[in-house]
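Participant: Attaching a single structure in structure tokens format; questions to follow.
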Amino acid sequence: MRALCKTEAIEGGIAVRDWEPRDAGPGEIRLKVGAAGICGTDMQIFNWAPRMARRMELPRVLGHEVSGVVDQVGEGVTNVALGDHVSLESHIYCGTCRPCRLGDAHLCNNTTYPGIDIDGAFADYVVVPSVIAWKNPKDLPHETGAMLEPFGIGVHACLEGSGVSGQSVLINGCGPIGLMAMAVARALGASKIIAADLNPLRLRTAETMGADRTVKADEENVAEVARDMTGGDGVEVGIEFSGSEAGFNSVFDGLCKGGDLRLVGGPPAAIPVDFTWWLLKCPTLIPIHGRRIWDTWQRATDLIYAGTVDLTPIQSHVLPMSEAVEGFELIRRGEAVKPLLVPEG
């Protein structure tokens, strides 16, 4: 089969190679890939971020956002069957550590990931533990199924804390998950949605996904816009997706007193925080990590299967696996929102 691999411990260092698919072992399934999405984590691997360099062994087949059809079932697997259409949860959880026992498998102490710790989904086939498979209706397009994993993060971000219904929401960072969160906030009845980013393509997409107001953050003051649109109070919910210090500060500054500050994007290094202002504003800080397994998946797929949320505008490119490297370059140049890869043949 053909697979996109990280082959060299350098920036870039990816290539489409011949790769021998393996059979599903006990407790595993093999998936014939229908579509797979390139995400921010894949870009960190492409850029060879230090945390990836410390963790990964090369060569490695990349990719973890995927939808496909089960074509092999290993011994002992009972939750899926041959021919099932599935998407994959990217957190391979142990089921025995304290978070797992408490129902917080998304916080598992022993999490491993396809495309990082084991070979991933940018290939014709991928083999994974069956416990991370979510069954989809067979009429769900694989392109949509491949986006359910990141969509779940957007759903998680909107459901935590005080939720979004009836509230003013600022979303900083209009990458795919930020855009997905906009659609969720609109579907769940947010009163106002403000979207901030630097990329004009992403801001145009934000309008399509439900933003009432878009802010080009290097041309306007995000916090001032947030206050202007809320009678001077600031927004009730601020969700930070960019992982930048400037984005973090903009969301905090644009938040009302006692509002929810939900962090999805992780800064690459420590950032300074003025806790005097925190004590005066008293926000509720809520970190968002992955999806609640499987509660978030149920809420997310309810929105997708019913047609309440349409992810098609985020799907900017569909590329054959042979052009996978170009998908990474499109993101690096700021010319793509969410490229999807599809096997050939």
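By the count of the numbering used here, the sequence shown reaches residue 841 at its end, each step adding exactly one. By construction, the Cβ of each residue, glycine as well, lies at the ideal position given by its N, Cα and C atoms. Bear in mind the structure is a predicted one, so any value in this text is a computation, not a measurement.
1. What residue does the alpha helix (DSSP H) around K777 start on, and which one ends it?
2. When the distance is taken between beta carbons, is R795 closer than 8 angstroms to V651?
3. First and last residue of the alpha helix (DSSP H) that includes I510?
4. Decide if L527 is buried, meaning its Cβ has at least 16 other Cβ atoms within 10 Å, or exposed.
5. With burial defined as no fewer than 16 other Cβ atoms inside 10 Å of the residue's Cβ, what is the status of T537: buried or exposed?
6. Which residue from F771, F542, E732, E524 puts its Cα closest to that of E822?
7. Hey, how far is the Cα of P522 from the Cα of W630?
8. Roughly how many angstroms separate the alpha carbons of K634 and E840, rounded to a whole number?
9. Within the same chain, show all residues whose beta-carbon is closer than 7 angstroms to that of T607, passing over the 5 residues directly before and after it, in chain order.
10. Checking the sheet assignment: what are the DSSP bridge partners for R828?
11. Using only alpha-carbon positions, find the residue among E561, P555, E516 that is nearest to A505.
12. Roughly how many angstroms separate the alpha carbons of E861 and V562, rounded to a whole number?
13. The beta strand (DSSP E) that contains I525, what's its start and end?
14. Roughly how many whole angstroms lie between the Cα atoms of L684 and T797?
15. Using the C-alpha atoms, what's the distance from V814 back to A702?
16. Find the nearest neighbour of G572 within the set W790, F618, A520, judged by alpha-carbon distance.
17. At a cut of 8 angstroms, does the stretch 678 to 696 reach the stretch 711 to 723 through at least three beta carbon pairs?
18. For V769, count neighbouring Cβ atoms within 10 angstroms of its own Cβ and tell me buried if that reaches 16, exposed if not.
Facilitator: Quick answer:
1. 771 to 777
2. yes
3. Looking at the DSSP string, I510 is not in any alpha helix (DSSP H); the run it does join, the beta strand (DSSP E), is 510 to 514.
4. buried
5. buried
6. F542
7. 18 angstroms
8. 20 angstroms
9. H587, I588, Y589
10. Note: R828 sits in no beta bridge, so no partner.
11. P555
12. Residue numbering for the chain in the displayed model covers 497 to 841; residue 861 lies beyond these limits and cannot be assessed.
13. 524 to 533
14. 14 angstroms
15. 20 angstroms
16. A520
17. yes
18. exposed
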